[in-house]
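Be aware that the sequence shown starts at 168, since it is given in our numbering, and climbs by one per residue. Positions of the beta carbon are idealized from the N, C-alpha and C atoms, including for glycine. Everything on this sheet refers to the single structure shown next.
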Amino acid sequence: MSDPIRRIAICTGGGDAPGLNAVIRAAAIAAMARGWEVYGIHDGFNGIFFPERYADGGVSRLTREKVRGIAHLGGTVLGTTNKGNPLHFPLKMPDGTVREVDRSDEILEFFAKRELDALISIGGDGSLTIANALAMKGLRVVGVPKTIDNDLDKTFTTFGFDTANAFATECLDRLHSTAESHQRVMVVEVMGRYAGWIALHAGIAGGAHAILIPELPFDLEKVAAKVRSRERQGRLYTLVVVAEGANPKDGVRTVAAAAEVGHQERLGGIGEHVAKVLQERTGKDARCVVLGHLLRGGSPTTFDRLSALRFGAAAVRALEDKQSGIMVALANTGVNYVPLAEVAGRMRCVPLDGDTLQTGRDLGICFGD
Ligand code: F6P
């Protein structure tokens, strides 16, 4: 662990988020400035597991040229996957069934064989849990928190969240006029998995009249009452933002696809349900718009881009300081480092006593609770 670093690898895992390329660029440039060689692993760890799939062998040298002009680009130049968790890797058996295997030792063997001294793993809860497992097995690892969902613990925020919010807010701004012109109820479903950060933040910023989040199981009669009360005041349209993971008080989450070996369940569909029930209960025309993967695209906002660049450079400084098994985090005072073990497998939900939720209530927004 205390040997000087000569070669590092970078990988991006889980769903993509605006800012990934900025981390890659900053980490690569900061590492090269220290005389280290930098390698990029394709598609999470697939570049290691399936070298035959890649023209460059799955893990290739990142040069200054390869990271030039990428900080403002969405996605990840390394590619990513949310299906290749090495700790629970789906292996197809000869009889067609799929079995889960732990392939993490292959990663350590690869690092030893290629004389790679450390890994910068950029990802969300899944990737950071993997990073923690690899660190516990002796690999020198620094994690960088990424997700549009903002549901990671121990960091003030994750990059990708601000960009997703900015886009969702712009969509809400645009929906006000069409909803008002047609006197409709417009339901906007946003991503966020089991946390309501995007729905809450974009919903308040975008002037939604009702916001439904997983942290507050909802009663649609309360939302219908809000629509009727607006109607009585002459406000003939209503905007409702619903997080994909929100669920009714007496019901369950809406799942678009069940979990498979190596892949979590896929959420989605609650927006259509909310629109249908509100139409039935209020007699008003209702429409649903699902923002879905649009929230993951586009150029990172200045905030996300800068956080990502700071995270990438801070990850390299941490490795230089011989740190491992930690995640770069954003605190009020600047970047800091927290043990991966304190982040792995934990989820940060919207606090019910937080001032943002309270702001929504003070503005008269209905939360369906
Ligand atoms: O974690 C990011 C995220 O976009 C979630 O908000 C969403 O539930 C999920 O990923 C969607 O994953 P997929 O890309 O597999 O559809």
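query, result
"Residues sharing a beta bridge with Arg228, DSSP", "Tyr206"
"Close Cβ partners of Gly181 (< 6 Å) along its chain, the five nearest in sequence each way excluded", "Asn249, Gly290, Gly291, Gly293 and Ser294"
"Any non-hydrogen atom of the ligand F6P closer than 7 Å to Asp210 Cβ", "no"
"Coarse secondary structure for Val355, derived from DSSP in three states", "strand"
"Local Cβ density within 10 Å of Gln446, reported as buried at 16 or more and exposed below that", "buried"
"Rounded straight-line distance, which links the Cα of Gly401 to that of Gly186", "43 Å"
"Alpha-carbon spacing of Arg513 relative to His239, whole angstroms", "30 Å"
"Per-residue burial, Lys259 [other beta carbons within 10 Å of its own, 16 or more giving buried]", "exposed"
"Within 8 Å, strictly: CB atoms of Val309 and Ser491", "yes"
"Where the alpha helix (DSSP H) through Ser466 begins and ends", "Ser466 -> no alpha helix (DSSP H), and no H or E assigned at all."
"DSSP state of Met260 mapped onto helix, strand, coil", "coil"
"Straight-line Cα distance separating Phe534 from Ala455", "Residue 455 is actually Cys in this sequence, not Ala. In a straight line, the C-alpha of Cys455 is about 18 Å away from that of Phe534."
"Short CB-CB distance (under 8 Å) between Thr523 and chain B", "Among the chains in the structure shown there is no chain B, since it carries only a single protein chain."
"Distance cut-off 7 Å: Thr314 Cβ against heavy atoms of the ligand F6P", "yes"
"Coarse secondary structure for Glu427, derived from DSSP in three states", "strand"
"Buried versus exposed, by CB contacts within 10 Å (16 or more), Pro467", "buried"
"C-alpha gap between Asp329 and Pro381, whole angstroms", "20 Å"
"Cβ separation of Glu356 and Leu458, assumed to be a contact under 8 Å, to the nearest whole Å", "7 Å"
"Beta-carbon contacts of Ala480 that lie in its chain and below 6 Å, excluding the five residues immediately before and after", "Ala193 and Ala197"
"Beta-carbon proximity of Ile237 to Asn188, cut-off 8 Å", "yes"
"Gly359: CB within 7 Å of a non-hydrogen atom of the ligand F6P", "yes"
"Straight-line gap, Phe478 to Glu398 (C-alpha atoms, nearest Å)", "48 Å"
"CB contact flag (Lys377, Leu339, <8 Å)", "According to the sequence provided, residue 377 is Ala. The question's Lys does not apply to it. No, these two residues do not count as a Cβ contact at 8 Å."
"Segment contact, 8 Å Cβ cut-off, at least three pairs: the segment 386-396 with the segment 209-219", "no"
"Delimiting residues of the alpha helix (DSSP H) encompassing Gly214", "Asn213 to Phe216"
"Backbone secondary structure at Phe326 - three-state DSSP", "strand"
"Nearest-angstrom Cα separation, counted from Ile532 out to Leu524", "9 Å"
"Proximity test, Glu427 beta-carbon vs the ligand F6P heavy atom, cut-off 7 Å", "no"
"Leu275, buried or exposed, once every other Cβ within 10 Å from all chains shown has been counted against 16", "exposed"
"Sub-8 Å separation of Ala333 and Cys516 beta-carbons", "no"
"Runs of beta strand (DSSP E) wholly within the segment 475-519 (minimum 3 residues, chain order)", "493-498 and 501-506"
"Arg448: first and last residue of the uninterrupted alpha helix (DSSP H) it sits in", "Ile437 to Thr449"
"Sequence-distant residues of the same chain with beta carbon closer than 6 Å to Gly438, five excluded per side", "Val354, Glu356, Val409, Cys455 and Val457"
"Val265 classed as buried or exposed, judged by whether at least 16 other C-beta atoms fall within 10 angstroms", "exposed"
"Residues bridged to Thr405 (per DSSP)", "Val352"
"Exposed unless 16 or more other CB atoms sit within 10 angstroms - verdict on Arg351", "buried"
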